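The structure appears below as structure tokens.
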Amino acid sequence: MHPISIISLGPGDPELITLKGLRRLRQADAIYCPATVQPDGSLASRAADILRALDIDLAAIRPFPVAMRDDRAAALADYGAAVERIAAECAEGRRVAVTAEGDAGFYSSSGYVSALLAERGLSTERIAGIPAFVACAASEGVVIAEQTEETDILTTLASADELLGRVAAGRSVVLMKPSRYASAVKEALAQAPDGVAFHYFEHTGADAERAFYSCRRDAILERRFPYFSLLIVRRG
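With the first letter of the sequence shown counted as 1, position 139 gets the number 139 in full-length UniProt numbering; the numbers rise by one all the way through.
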């Protein structure tokens, strides 16, 4: 039985997938991609869109619905249903892959799938990818950290003081999913001294029409911080 490939697709730009990841996609008979259910009942999948841009055989693409709610019980049930389908295809001798946006080992829901596959005794291999914050920094020539500078990667923030304290201590800070704590970020924007640089990104590498970048505090304060946004904050 072939190992199941957990393939990192990168931040959204099809050209940023690794050669190894692309090779595994081309070898796969079935490729499972997480998707969200739209109001009309159709499935929307950014991962599937990337595969189509890479000219992957459409017959191999298997979008599967994942509930997007704070209550993760529904999502876990969806992952379980996908794993049932994956296991069945593996039993028939097919080469199976599962996609992950960004890097599969970095805040990725593919970890749930990997764990469920391991419980069944199914072997996996994980193909590394470029996480969103690395691609964002590259797109605008932003340095994330240098020399002995430490970097904190946060998905939650208790207060503006917490963020400014980390920067004052000489750390650079990557703020993932800032929509969850937008008020604390905007308070920090208003309070930070001139020597602190804020780099704000939306939809970088995934949607050219919606992509947005600014290092101007007034412009950042006007943004609504959608789901696909992040900030890099460090001493200027």
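Where a beta carbon is used, it is the ideal one built from N, C-alpha and C, also for glycine.
These numbers were taken from a predicted model, which means no experiment stands behind them.
The beta carbon of Leu-54 sits closer than 8 Å to the beta carbons of Pro-14, Ile-17, Leu-22, Leu-25 from its chain, once the five residues preceding and following it are set aside; these are given in chain order. When rounded, the separation of the alpha-carbon atoms in Ala-82 and Gln-191 is 46 Å.
Going by C-alpha positions, Phe-198 is about 11 Å away from Leu-163. Pairing Val-185 with Val-113, the inter-Cα distance amounts to about 32 Å. The C-alpha of Val-98 is placed about 13 Å away from the C-alpha of Gln-27.
With contacts defined as CB atoms closer than 8 Å, Ala-48 and Pro-63 qualify as a contacting pair.
Counting only runs of 3+ residues, the beta strand (DSSP E) found wholly inside the segment 201-233 occupies 212-214, in chain order.
Between Ser-8 and Ala-128 the beta-carbon gap is near 6 Å, inside 8 Å, which marks them as a contact.
Fewer than three Cβ pairs drawn from the segment 152-163 and the segment 214-229 lie within less than 8 Å of each other, which leaves the two stretches out of contact. Annotation: the continuous alpha helix (DSSP H) that includes Tyr-112 extends over 110-119. Residue range 160-168 is occupied by the alpha helix (DSSP H) that includes Arg-166. Taking Phe-106 as the centre and dropping the five residues before and after it, the same chain places the C-beta of Pro-131 closer than 7 Å to its C-beta, in chain order. Each of Tyr-32, Gly-10, Ala-67 was checked against the Cα of Gln-38, and the nearest Cα belongs to Ala-67.
DSSP, reduced to helix, strand and coil, places Asp-40 outside both helices and strands of the structure shown, so it counts as coil.
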